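Undergrad: Numbering (my numbering), first residue to last: 146 to 394.
Note that CB positions come from ideal geometry on N, CA and C, so glycine has one too.
Small disclaimer: the values here were computed from a predicted structure and weren't measured.
The structure's right below; bear with me while I get my questions together.
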Ligand SMILES: Nc1ncnc2c1ncn2[C@@H]1O[C@H](COP(=O)(O)OP(=O)(O)O)[C@@H](O)[C@H]1O
Ligand SMILES: [Mg+2]
């Protein structure tokens, strides 16, 4: 479904993605794990067309994202739901306006229809009736849920999450993981979750890949990750200080 081939990207001579290859299977949840600063967010920004690679390509259902101009990208982006790390809500808009924003951009629905769609989306993420609240009045977990509601607005075929549980306590994190799973089961969308939360990754993933220094160093089922002797994977998932990953690098 999503094929990433030899994707490379450098910033000021620093190689962040280094000929990265990855296939993201259709209608499953794939979790990409890896240490901080290894290019996870940069990878996601390439997949949704917010960044262009130096070389390599990404095809989604056979269409090369990296070759598209803004007009073409806007068409395919209707099929994407993206939840960025900080929820990326518009602080000057209330919750209802935030969740309704994709309808304003992509549809000509009348106000009442948007109102009803927003109510249904908020219900889906367990937050009925908070349309009038401002983002600043919400807890971290609620902000993530509102971000998810907005991402689901256009019934996307692909859902992308960058660190959906970062900054949340373990209980709320598992609740967000369950919500992602529930949404995936209901919609059958192809989901990609970027995470450094190992427990969450194992709880959520159908398929996993580990990124390190701009490359995919291991991929497989959660079982494969638990059973491997690969020193990078073992160090990362157990949090060992000793090993090939230098924690103070
Ligand atoms: N727009 C940018 N300009 C310059 N450097 C960037 C940019 N975005 C990311 N980087 C660098 O790329 C590296 C990987 O970043 P990122 O993908 O955000 O890591 P993470 O795996 O923690 O998500 C970091 O060293 C970061 O400083
Ligand atoms: Mg990141």
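#1: Sort 284, 237, 375 and 185 by Cα distance to residue 358 and report the nearest one.
#2: Within the same chain, show all residues whose beta-carbon is closer than 6 Å to that of residue 322, passing over the 5 residues directly before and after it, in chain order.
#3: Provide the residue span of the alpha helix (DSSP H) that contains residue 245, from first to last.
#4: Do residue 390 and residue 343 come within 8 Å of each other at the CB atom, strictly closer than that value?
#5: Taking 7 Å as the line, does the beta carbon of residue 172 fall inside it for any heavy atom of ligand 1?
#6: Along the chain, which unbroken stretches of the beta strand (DSSP E) at least 3 residues long are found entirely within the region 285-360?
#7: Using alpha carbons as the reference points, say which of 360, 227, 188 and 367 lies closest to residue 292.
#8: Quick check on DSSP: helix, strand or coil for residue 370?
#9: I'd like to check one pair, residue 153 with residue 194: are the Cβ atoms closer than 8 Å?
#10: Can you give the Cα-Cα distance for residue 310 and residue 337, rounded to whole angstroms?
#11: Short of 8 Å in beta carbon distance, which residues of its chain neighbour residue 179, apart from the five on each side in sequence? Order them along the chain.
#12: Who sits around ligand 1, taking every residue whose Cβ is closer than 5 Å to one of its heavy atoms?
#13: By Cβ distance, which residues of its chain are closer than 7 Å to residue 166, with the 5 residues on each side in sequence left out?
#14: Taking the alpha-carbon positions, what's the residue 241 to residue 266 distance?
#15: According to the neighbour-count rule (16 or more other Cβ atoms, all chains shown, within 10 Å of its Cβ), is residue 256 buried or exposed?
#16: Take residue 254 as the anchor and find which of 298, 290, 220 and 289 has the nearest alpha-carbon.
TA: Considering the structure as presented:
#1: 185
#2: 345, 348 and 349
#3: 240-251
#4: no
#5: no
#6: 303-307, 335-340 and 352-357
#7: 227
#8: helix
#9: no
#10: 14 Å
#11: 185, 341, 355, 356, 357 and 381
#12: 156, 161, 181, 182, 183, 184, 185, 186 and 187
#13: 149, 150, 151 and 361
#14: 10 Å
#15: exposed
#16: 298
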